[in-house]
Amino acid sequence: MLFEDPEFGPNEYSIYGENPTIDISYKIQWKRLVEVLGILTRLFSDEMVFTDITQGRLGNCWIVSAIIALTEMQPFKIWVMFDQDKANHKKGKYIIRFYEHGELRKVVVDDLVPCCADTGKPIFGMSNWIDKWWPLLEKAYAKVYGSYLALVAGFTHEAFMDLTGLPSFKYDINKNEADNIKRRLIMNCRKQFPMVASTKCGISESFGMRPNHCYTILRTIQADGYFLINLRNPSGYSMWSGDFSLNSELWTQSIINTIERVWSHFNLRDGSFWMEYADFLMYFDVLYVCNIELGKEKREKNIFKKVKKGVGSKATFYYKVTVGEEGAEVVFGLHQEDERSVGVKECRKYLDLGISVMRLDDKKYKPYCCSKQTALSRDSQLQMFLPQGEYIVVPISSGTSLTRPKNSWKKCFPLIADKSKMHPLFKSAIKDIFRRADIQMEQSVGYKEFMAVYHKVDEFITEEYFNEEICGTFGKHNRLTLNGFYQFFCDQALEDEEETRKTFKWLGYDKDFYSEKWRTVVFTLHSNKDVDLETQRLNEETNLKAWKSMAKLHGEVERSKNVDIYKIKQSDGWSILAHNKSAEVISIKSDFSESSNVNFATGSEKCENLLGPGSWQIIQHLFRKDENLNAECRKNFMFHKKINVNYI
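In the UniProt record's numbering, the protein residues as written are 1 to 648.
Following this line, the structure appears as structure tokens:
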């Protein structure tokens with residue numbers, strides 16, 4: 001019997017997800033790939049080539065262009081994503097490895113793909129040959145994020161990270177940096193780094209280039225005074241009609257000979273096209289690069305919590321890094337859930353994430369490198385060279401997204417609908433709890449991991465009860481998978497919905513399942529040399545040191561006789577720190593009432609703080625209220641020395 005995925009079946013939800021109002025204008029029929037590609041179809045041909053892949057009728061060029069780049073530059077990275085169990089393949093079952101929010105996950109799919117009922121051809125991505133891997137990979141990607149239409153629009157450096165787990169970066173392209181961009185293109189092609197470029201939004205389409213569209217960079221060449229770039233449209237069609245297009249008079253035998261000496265497969269009719277560098281600068285504004293050099297990696301789960309005293313949030317762990325005598329190129333990363341996943345944008349908005357690195361010098365940790373600002377995006381990365389020595393790496397965040405936006409949506413919904421179907425936001429919250437419990441990233445949790453999160457509930461569960469009753473019903477081998485978590489909480493909700501809502505309140509969610517206390521992230525370390533990583537629990541003192549480093553390295557300072565005020569411009573707001581330079585306790589009264597379009601981490605535009613002699617303190621985090629309007633930070637401070645104050 002052929003396998004049919006019970007979690008991502010041949011139905012409308014797998015296509016539309018939570019967007020049923022979007023119409024793809026086709027009557028859909030699901031078919032097995034053998035019906036589409038023929039009986040000779042196989043997972044991989046002997047050689048993967050970029051011409052085998054086409055985009056289909058889904059606006060996911062950000063993914064397709066990344067896959068084409070990997071196919072051309074690093075085909076092994078695609079091959080290792082697939083489990084090679086041929087017995088499963090015969091049943092139409094495939095296991096594909098993804099890095100979801102920095103965490104390696106095995107995704108199971110069947111080989112049923114949505115096709116146009118009239119033509120019998122796949123609606124979405126398809127191979128031009130007999131290979132199955134591309135439509136299967138796209139289907140697994142859709143399952144990770146909930147539906148095919150959830151893949152519409154995105155950033156290619158995120159696709160590179162999802163597919164490979166490797167550090168990937170986004171660079172602006174502008175004429176002022178033309179020489180640097182050119183050097184980067186040449187160097188990256190030489191190193192076989194997968195690259196993609198995105199066109200500007202407002203470009204003219206008169207020469208065949210699509211605005212706001214991703215094109216894979218296949219290779220570069222310098223010939224007869226020209227710097228030429230070979231690109232491919234994910235759709236497989238070359239519409240470029242400018243200089244060095246198919247029928248351009250600029251092609252000479254000398255240029256063709258130069259290209260053929262370094263690339264024997266040169267063919268102007270292979271679906272790719274060539275463009276001179278001046279035109280490249282005119283049409284493109286973003287370059288995406290996947291760094292394949294830093295192949296040594298470490299991954300650790302971390303949790304940001306809202307602080308009980310003070311302002312903002314604090315990570316649970318920080319990291320001690322020891323580098324050998326040769327030094328090491330490193331990239332530190334923080335990765336959180338993608339907002340395209342069901343329930344994340346509504347209930348777990350992105351934290352602003354940053355990384356602070358301090359180096360041990362004369363028995364003290366001193367600022368070494370730090371994010372210029374916390375990034376309100378899925379991933380935050382920091383790249384640097386570390387000489388021999390000992391370092392601490394501290395994840396930081398203002399935690400302002402833990403405060404639910406005022407006037408945000410409110411829904412009153414049953415947790416369980418007909419046929420025991422969980423509400424998507426309820427199910428999303430269960431997944432969030434599982435991620436927090438699965439601290440070792442094994443895709444299953446035992447008793448200790450389960451109780452580490454469930455102990456917040458006013459109920460004690462013995463290990464014997466967990467193993468025999470809970471795992472006996474919803475898991476196996478004394479462990480629960482994500483599906484086991486779903487079944488466990490679904491069973492509780494069916495038995496007593498009101499009590500289940502109380503449980504989730506204990507676990508840090510409001511009545512609409514907005515997560516108000518914590519966010520789970522994954523910390524990554526990629527390097528070109530072996531380095532030692534030790535995870536340690538983060539205390540308030542070390543967390544404050546990390547913020548001090550950011551203030552000293554990137555903050556604007558207003559100095560007075562006794563107190564220095566640091567203002568750090570963040571990606572979507574400001575962080576305010578104060579340093580008491582005097583030998584006495586100082587009272588600081590802060591007034592931000594003249595600021596516009598901001599919310600306050602303290603909940604008030606005015607506050608008072610006591611600073612002990614020589615001490616630092618985070619005074620306030622301001623964050624944008626309406627993302628469509630400009631925000632402004634205006635502040636006034638009054639300083640007073642406090643006499644006979646017991647400062648603790």
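For glycine and all other residues, C-beta sits at the position ideal for the given N, C-alpha and C. Every value quoted in this text rests on a predicted model; they were computed, and no experiment measured them.
- Checking the DSSP bridge columns, you'll see Gln-222 partnered with Phe-227.
- Pairing Pro-114 with Trp-62 gives a Cβ-Cβ distance that is not under 9 Å.
- Counting only the Cα atoms, Asp-85 lies some 22 Å from Met-126.
- In the three-state reduction of the DSSP assignment, Tyr-94 falls in the strand class, which pools E and B.
- If you draw a straight line from the Cα of Trp-547 to the Cα of Ile-355, it comes to about 10 Å.
- Annotation: the continuous alpha helix (DSSP H) that includes Ser-14 extends over 12-16.
- Remark: C-beta atoms of Trp-274 and Phe-244 approach each other more closely than 9 Å.
- Between the alpha carbons of Gly-327 and Glu-390 lies a gap of roughly 11 Å.
- Taking a contact as a CB-CB distance under 8 Å, the pair Asn-233 and Leu-218 does not count as one, their CB atoms being some 11 Å apart.
- Ranked by how close their Cα comes to the Cα of Arg-340, the residues Glu-158, Arg-479, Gln-487 have Glu-158 in first place.
- Restricting attention to alpha helix (DSSP H) runs no shorter than 4 residues, the segment 536-577 encloses them at 540-554, ordered along the chain.
- With a cut-off of 8 Å on Cβ pairs, the segment 210-227 is in contact with the segment 43-63, counting three or more such pairs.
- With respect to Arg-105, Met-81 sits apart: the two C-beta atoms are not nearer than 9 Å.
- In the DSSP annotation of this structure, the continuous segment of the alpha helix (DSSP H) that includes Gln-253 starts and ends at 253-262.
- Glu-249 has its alpha-carbon roughly 44 Å from the corresponding atom of Gln-383.
- Asp-162 sits close to Tyr-141, with the two beta carbons spaced by under 9 Å.
- Annotation: Val-109 to Asp-361 spans about 52 Å, alpha carbon to alpha carbon.
- Taking C-beta separations shorter than 8 Å and ignoring five residues to either side along the sequence, the partners of Ser-147 in its chain run Tyr-13, Ser-14, Ile-15, Tyr-16, Gly-17, Glu-18, Asn-19, following chain order.
- Excluding its 5 nearest sequence neighbours in each direction, Phe-504 has C-beta neighbours in its own chain below 7 Å: Ala-429, Phe-513, listed in chain order.
- Annotation: Ser-590 to Asn-636 spans about 6 Å, alpha carbon to alpha carbon.
- In this structure Ala-223 touches Ile-259 by the C-beta definition: roughly 7 Å separates them, less than 8 Å.
- Listed as beta-bridge partners of Asn-580 by DSSP are Val-563.
- By a beta-carbon distance limit of 8 Å, Trp-574 does not contact Ile-565. Their separation comes to about 11 Å.
- Scanning its chain for C-beta atoms nearer than 6 Å, with the 5 sequence neighbours on each side dropped, one finds around Leu-268 the residues Leu-246, in chain order.
- Distances from the alpha-carbon of Phe-284 to those of Met-550, Lys-175, Lys-309 put Lys-175 closest.
- Counting along the chain, the unbroken beta strand (DSSP E) around Met-638 starts and ends at 636-641.
- For the 9 Å CB-CB criterion, Phe-600 and Leu-629 do not form a contact.
- Proximity to Lys-545 across Met-358, Gln-373, Val-311 peaks at Met-358, based on C-alpha coordinates.
- Distance between Gln-620 and Glu-540, taken at the CA atoms: about 16 Å.
- If you draw a straight line from the Cα of Lys-121 to the Cα of Arg-634, it is about 59 Å long.
- Taken through DSSP and simplified to helix, strand or coil, Glu-442 comes out as coil.
- Residue pairing by DSSP puts Gly-354 in a beta bridge opposite Ile-396.
- Note on geometry: alpha-carbon atoms of Leu-376 and Thr-252 lie some 49 Å from one another.
- Following the DSSP letters along the chain, one finds Arg-479 in no alpha helix (DSSP H), marked with neither H nor E.
- Closest in C-alpha terms to Ser-596, from the list Leu-482, Asp-572, Gly-603, Glu-632, comes Glu-632.
- Note that the C-beta distance between Asn-580 and Gly-614 is below 9 Å.
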